[in-house]
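Going line by line, the protein sequences match chains B and E. Counting along the first sequence from 1, when you hit position 154 you're at 154 in the working numbering, and nothing is skipped either side. Counting along the second sequence from 1, when you hit position 43 you're at 1043 in the working numbering, and nothing is skipped either side. Worksheet: the structure to be examined is printed underneath.
Protein chains: 2
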Amino acid sequence: MTESRREGTRLRVDLRFDGTAFAGWAVQPGLRTIQDEIERALATVLRLPPLRVTVAGRTDAGVHARGQVAHVDVPADTLQALDVERLAGRLTGVLPDDIAVTSVRLAEPGFDARFSAIWRRYAYRIADHPGVVDPLRRHDVLRRLRPLDHEAMAAACPALLGLRDFAAFCKNRPGATAIRTLQRLDCARNCDGLVVVDVQADAFCHSMVRSIVGALVAVGEGRYPSTWPALIQAGGRRVPEVTVMPATGLTLEAVGYPEPPELAAQADRARALRVLSPDATTGGGAGR
Amino acid sequence: MTESRREGTRLRVDLRFDGTAFAGWAVQPGLRTIQDEIERALATVLRLPPLRVTVAGRTDAGVHARGQVAHVDVPADTLQALDVERLAGRLTGVLPDDIAVTSVRLAEPGFDARFSAIWRRYAYRIADHPGVVDPLRRHDVLRRLRPLDHEAMAAACPALLGLRDFAAFCKNRPGATAIRTLQRLDCARNCDGLVVVDVQADAFCHSMVRSIVGALVAVGEGRYPSTWPALIQAGGRRVPEVTVMPATGLTLEAVGYPEPPELAAQADRARALRVLSPDATTGGGAGR
C-alpha cells in the first residue's frame, strides 16, 4: 500500500476561497491564511488535534481559488465514526464565508494533492472599460480602465507554449530552476466583456502567471508588439518593462491529476524531481 | 418637444451595484443608499448642485443590480462642456467600489427611465448544496444548503404567467393594486450548478419576486406540489407558508424599453395609470 495508507486514511478536500482578506495559503504567524483556517476547521469538525493539510497550489496573498485541491491524513479510527459525504457541508458551516469546502472524499490509492498533480490552471480577469465593470465581481476581476486589444494579446500566446525556461517571468530563488511546461495560454474576451487570460502548466514558479499576464497586457495596450513576450522569455532575465499584475484578478481554476493507476507513480516522479531541484515542485504549485 | 427637452438635457445612466451594504435605492436620511451615492457623484463630476435621479427599479435593501437604468436632467449649457462618452468612467472613478456606472448617453426623445420601461427582469440565485458554494459569489448568491428539485420548481412556473392579481405575493399597500403581467418565469440549474429563477414582468409590487421564489423553493424542497404556487396566487391573500426570500440572492438583471418612437407614448400611458392607481407604477419598478 502507499504511504498514505500506512499513516491512516487520506481524504481529498476540494475548496474555494476569496483570497482578498488572506495573506495567502501558507501558515504565517500572526497572519490570516487559508491553510490555517482549513486546518482549524478540520480539527473542530473531526474533534482531533490540529492536522497538517497539503495543497496543490500554494497561492499568494490575495489570489483566489475555485478549484484548489488539498489532502489530509486522518487516523483510521476517526474515519469510521465519520460520514464523509457530509463533511464538506460541515466544514463549510464552520469556516468563515470567504472559504468553502466543495467536496471531501476518500483519496484514491497513491493520491497526493501536491505531488500527484500534473497541471494547474489559472484565469486572470480584467475589466478594461467602464461598460464591463461589475461591482459584484470586484473581488476577482481587476479593474484597469485602459482598453486592451485582446486579439493582439492572443497573438502573443502561442510562442510561449511548451517546455521553456521562464526565469524572465519568475522571482528568483537561489539555485531554483524556472523550467516549466506551459500547456495552455489563451486570451479572449468572455461573454461578460472581460479580458480573460487562461494559463495552464505542469507547475508555476513564483510570480510567473502574473508576470506573463503583465507582458500580455503591455501588448494589449499597444506598448509592445505581439512578438515581444516570447523575446522577453528567450532573454532569460527579468526586465522592468514586465509588470507583475495585482493578485486581485488571479484565480486558481482547476488542478489536474492522472488516472488513479498513475497517481502514485506521478507523485514519486515529482518527489524525485524535488530532490534534484528543491524549488521545482515546491514553488511549483505556487499560484502566482 | 418632450418634457425632458424643456427642462434641459436628459441623460440615460446605466449602472450596476452590489446592494449588500446599502439600505436600498431610495434616499433615506442617515442611511447609505444607491440614489444618494449616484446623485452626489453626478454633482461632483458635473460641478453642479445636487441633481435628482429617476430610476427604473427602486430596489430594496440588499438587492443588487447588473442592469439598472436611471435618468437625470442636466442644464443644456452644462452638457456643452461635457464629454458624455467619458462620463461613465469618471463617475465610476468617484463612486465607491460597490457601484459602477457602465454607460452614460443622451436619452432618446421621450425617454423616462421609470415610466418608459415596459419590463423589468430579475434573477434569484441559490447555492443548494456544498459542491456549488463559491465564496467569490457570496454577495449575490443565497447559500441555503438544502437540496432543491429544480425541475419541480420549473414545473410550477407556467401556471403563474400572464396578467394576474399577485396580491398573495405582495406586501399590501392600502388602495394599491397588485395586478401585473408576469411575462417570464423560469427555473433552471445553471452551468455553475446554482438554482436560478428568472422572472420578468411589466412591473413588480413590493416583495413580489422574493415571495414567488419563496413559493417555488417550498416546491423545490418537496413541501408542496408544483401546482401549489398558482393556488396561492389564485387565493389572492398572503399566507404564512410563503417565505419572502432574503435579498442576497436577488439581482435586477435588465430593464426593457420600447423602440424610440414609442418611448414617450409608453411614458404617458404609465403616468396615466399612476393617476388611476398610485401604486401601479410607483412601487411598480420596485425590485423585490
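Glycine included, each C-beta is placed from N, C-alpha and C at the ideal position. Nothing here was measured: the structure is a model prediction, and the numbers come from that model.
Distance between residue j and residue i (C-alpha atoms, nearest Å)
i       : j       : result
P1130/E : R1010/E : 47 Å
V133/B  : D77/B   : 51 Å
I1099/E : D192/B  : 17 Å
D202/B  : A247/B  : 21 Å
Y257/B  : T251/B  : 19 Å
A1265/E : S103/B  : 55 Å
R271/B  : D112/B  : 10 Å
T1020/E : G1235/E : 33 Å
P1261/E : P1109/E : 8 Å
G1093/E : E1037/E : 12 Å
V84/B   : G8/B    : 15 Å
P75/B   : R47/B   : 12 Å
P1147/E : A1188/E : 13 Å
G57/B   : R120/B  : 7 Å
R1052/E : V63/B   : 40 Å
F1204/E : P1240/E : 20 Å
D60/B   : M153/B  : 25 Å
A267/B  : M208/B  : 23 Å
V1197/E : L1015/E : 22 Å
M245/B  : R223/B  : 16 Å
L95/B   : G89/B   : 10 Å
R164/B  : N172/B  : 16 Å
P135/B  : E253/B  : 21 Å
Same chain, Cβ closer than 7 Å to residue i, neighbours up to 5 away in sequence not counted
i      : result
A107/B : S4, R10, L11, R12 and H71
I34/B  : F17, F22, W25 and I99
L194/B : R125, I126, A127, V132 and V141
F166/B : A178, R180, C205, M208 and Q233
Residue i, enclosing alpha helix (DSSP H) - first and last residue
i       : result
S1211/E : M1208 to G1220
L1252/E : No alpha helix (DSSP H) holds L1252/E; the beta strand (DSSP E) holding it covers L1250 to G1256.
G1067/E : G1067/E -> not in any alpha helix (DSSP H); beta strand (DSSP E) instead, spanning H1064 to V1074.
R1040/E : I1034 to L1046
A156/B  : H150 to A156
Exposure label - residue i; buried when at least 16 CB within 10 Å
i       : result
P1158/E : exposed
R180/B  : buried
V1141/E : buried
T1243/E : exposed
I237/B  : A small correction: the amino acid at residue 237/B is Arg; Ile does not occupy that position in the sequence shown. Per the 10 Å Cβ criterion, exposed.
D1097/E : exposed
A1176/E : buried
P1029/E : exposed
A1081/E : exposed
R66/B   : buried
Beta-carbon neighbours of residue i, restricted to chain B and to distances below 7 Å
i       : result
F1017/E : P135
H1064/E : L136
Contacts that residue i makes with chain B (C-beta to C-beta distance below 9 Å)
i       : result
T1092/E : P130, V133, R143 and L145
I1034/E : Simply none; closest approach about 10 Å.
H1071/E : Under the 9 Å cutoff, chain B gives no residues; its nearest Cβ is about 18 Å from H1071/E.
Residue range of the unbroken beta strand (DSSP E) whose run includes residue i
i       : result
G131/B  : Neither: G131/B is in no beta strand (DSSP E) and is coded neither H nor E.
T1092/E : Counting along the chain, T1092/E falls outside any beta strand (DSSP E), though it belongs to the alpha helix (DSSP H) covering V1084 to V1094.
G1235/E : Careful: G1235/E lies outside any beta strand (DSSP E), inside the alpha helix (DSSP H) at W1228 to G1235.
A1188/E : I1179 to R1189
V197/B  : V195 to A201
D1165/E : G1162 to D1165
F111/B  : First-last for F111/B: undefined, no H or E at that position.
D1014/E : T1009 to F1017
T1020/E : Careful: T1020/E lies outside any beta strand (DSSP E) and carries neither H nor E.
V1053/E : V1053 to V1055
8 Å CB neighbourhood of residue i in its chain, flanking five on each side removed
i       : result
L1087/E : L1011, V1045, V1101 and V1104
L1160/E : L1182, L1185, I1212, P1229, A1230 and Q1233
G1249/E : Y1124, R1125, I1126, D1140, V1141, L1142 and V1213
H1150/E : C1187, A1188, R1189, V1195 and G1220
R1032/E : A1021, F1022 and A1023
T1054/E : A1070, H1071, V1072, D1112, A1113 and R1114
Contact set between residue i and chain E, taken where Cβ atoms lie within less than 8 Å
i      : result
H139/B : L1136
T248/B : Under the 8 Å cutoff, chain E gives no residues; its nearest Cβ is about 11 Å from T248/B.
Contact list for residue i against chain B, beta-carbon separation under 8 Å
i       : result
G1089/E : H129, P130 and L145
T1059/E : Chain B residues near T1059/E: none, gap ~13 Å exceeds 8 Å.
D1098/E : P135 and R138
Same chain only: Cβ atoms within 6 Å of residue i, ignoring 5 sequence neighbours per side
i       : result
L91/B   : A41, V45 and V101
A155/B  : S226
P1050/E : E1039 and A1043
Q1200/E : W1119, R1121, Q1183 and R1184
S116/B  : Y257, L263, Q266 and A267
heavy atom of the ligand MN below 6 Å from residue i C-beta
i       : result
E1108/E : Inclusion of the ligand MN in the displayed structure is not the case, the ligand content being empty and no account of it being possible.
Amino acids of chain E, ordered along the chain, whose beta-carbon sits closer than 7 Å to that of residue i
i      : result
T44/B  : The premise fails here: T44/B is roughly 16 Å from chain E at the closest Cβ pair, so nothing lies under 7 Å.
S103/B : G1131
Proximal chain E residues relative to residue i, where beta-carbon distance stays under 9 Å
i      : result
V255/B : Those do not exist, as V255/B stays about 16 Å from chain E at its closest Cβ, beyond 9 Å.
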